[in-house]
Amino acid sequence: MTWHLIRLDLARADAYPDGSHEHCYLLRLPLDDAGLIDQAALHAAPEQATVLRSRPDQPERTGHVGRAGAGWVFSYAPGEGDDEALFHLETHPLREGDFLTLTEASGETLCFEVISSRALADA
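Going by the numbering used here, the sequence shown wraps up at 185, each residue one higher than the last.
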């Protein structure tokens with residue numbers, strides 16, 4: 063198990079048919095050799111699982127990655143009002159070139175591409 067810094071860029075959307083590098087997330091998560099979340103490592107240090115959300119027209123937001131019921135969320139503040147939902151993240155590899163879908167707090171569902179996944183030496 064190694065903690066990784068993972069970059070997700072908007073892959074495509076109605077307003078961005080070619081995607082956007084300015085709409086991105088940086089995740090800090092423990093991954094196994096297959097690129098899946100190491101749930102035991104995450105359970106042992108949940109405070110280390112973080113997300114940074116970047117948009118060109120909004121301030122950056124930082125929060126945590128965690129479980130919420132049967133799914134996963136990026137959460138930026140206590141409560142559910144700002145949560146962004148992901149499903150089946152535990153079975154979805156986070157390797158370069160992989161795609162994942164998330165539902166933003168606004169309810170909009172967007173597709174993101176894993177642009178990079180870099181092991182962190184001192185995590």
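Cβ coordinates follow ideal geometry from the N, Cα and C atoms, glycine included.
Within its own chain, the residues whose Cβ lies closer than 6 Å to the Cβ of L148, once the five positions on either side in sequence are excluded, are W134, L164, listed in chain order.
Shortest Cα-Cα distance from T153 to any of D100, R69, A130 involves D100. Considered as a whole, the region 72-130 harbours 82-93, 112-117, 120-130 as its complete beta strand (DSSP E) runs of no fewer than 3 residues, in chain order.
Between the region 168-180 and the region 104-115, the count of C-beta pairs closer than 8 Å stays below three; the two stretches do not touch. L67 carries a strand assignment under DSSP once its states are collapsed to helix, strand and coil. One Cα belongs to L88, the other to H105, and the distance between them is close to 20 Å. For the pair L156 and L93, the CB atoms are nearer than the 8 Å cut-off. R180 and G141 have their C-alpha atoms some 30 Å from each other.
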